[in-house]
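Colleague:
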Amino acid sequence: MGFLVNQDFVWGFALIISGTIFQYLVIRYGSTVFRATLINEYSIRDWYLPRLWEWIVKYVAPVEAFILLLWFTVNEIFEHPNDWYNVISEESLMTCVVQWLGVMLILNIINVFYVFCYLPRKMPYENLDLGDKQHNGELLNGKEEVATKPDMYVDVSDFEETKH
Numbered sequence: 003m004g005f006l007v008n009q010d011f012v013w014g015f016a017l018i019i020s021g022t023i024f025q026y027l028v029i030r031y032g033s034t035v036f037r038a039t040l041i042n043e044y045s046i047r048d049w050y051l052p053r054l055w056e057w058i059v060k061y062v063a064p065v066e067a068f069i070l071l072l073w074f075t076v077n078e079i080f081e082h083p084n085d086w087y088n089v090i091s092e093e094s095l096m097t098c099v100v101q102w103l104g105v106m107l108i109l110n111i112i113n114v115f116y117v118f119c120y121l122p123r124k125m126p127y128e129n130l131d132l133g134d135k136q137h138n139g140e141l142l143n144g145k146e147e148v149a150t151k152p153d154m155y156v157d158v159s160d161f162e163e164t165k166h
């Protein structure tokens, strides 16, 4: 039963952090565009979000999330002044921090593996973002060079007909 108490304690507050991150993404994307395009445009016989929602998302909800997380932290430290830093306690602030950091580390490792190992195999060479580099003898970083392709891709010019 202690495991379930621990998981409820840790991930209950992690939901507040998750909601705050989602809130940041909406603000970063643009709350007006998010409301108009992603919510109101695709609502079918549903309640449309008013402009007031943007104000709540930008200003009220981030303050509420900050206050909740601050309250949680201060409450844990003052309620358990001798135990809040104990990592093996079922309900301590440090248990939350360690578990959150552990999951973030695991997710980052999976992301790095996906981006550097799996994604290049799935994406054709022509679709890779090479920055300011261009192919076929055009400018590469401001210099006249030839772009090299991996051996597994064939140059189209090899199959053009020879004119006699």
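Under my numbering, the first residue of the sequence shown is numbered 3, with each subsequent residue one higher.
Beta carbons are placed, not taken as given, at the ideal position from N, Cα and C, and that holds for glycine.
Please read all numbers here as calculations on a predicted model, not as lab measurements.
(1) Take residue 8 as the anchor and find which of 24, 57, 100 and 36 has the nearest alpha-carbon.
(2) If you compare alpha carbons, which of 32, 66, 54 and 16 is closest to residue 104?
(3) By the three-class DSSP mapping on this structure, what secondary structure does residue 108 have?
(4) Using the C-alpha atoms, what's the distance from residue 61 back to residue 88?
(5) State the start and end residues of the unbroken alpha helix (DSSP H) segment that holds residue 20.
(6) Taking 7 angstroms as the threshold (C-beta atoms), are residue 33 and residue 65 in contact?
(7) Would residue 95 pass as a contact of residue 81 if the rule is Cβ separation under 7 angstroms?
(8) So, using beta-carbon positions, are residue 12 and residue 119 closer together than 7 angstroms?
(9) Can the beta-carbon of residue 51 be found closer than 7 angstroms to that of residue 37?
(10) Determine the direct distance from the alpha carbon of residue 44 to that of residue 35, and round the result to whole angstroms.
(11) Leaving out the 5 sequence neighbours to the left and right, which residues in its chain are closer than 8 angstroms to residue 102 when beta-carbon positions are compared?
(12) Output the boundary residues of the alpha helix (DSSP H) element that contains residue 123.
(13) Whole angstroms is fine: what's the gap from residue 24's alpha carbon to residue 109's?
(14) Which residue comes first and which comes last in the alpha helix (DSSP H) that contains residue 77?
Modeller: The short version:
(1) 100
(2) 16
(3) helix
(4) 35 angstroms
(5) 4-31
(6) no
(7) no
(8) no
(9) yes
(10) 13 angstroms
(11) 12, 16 and 19
(12) 121-124
(13) 17 angstroms
(14) 63-81
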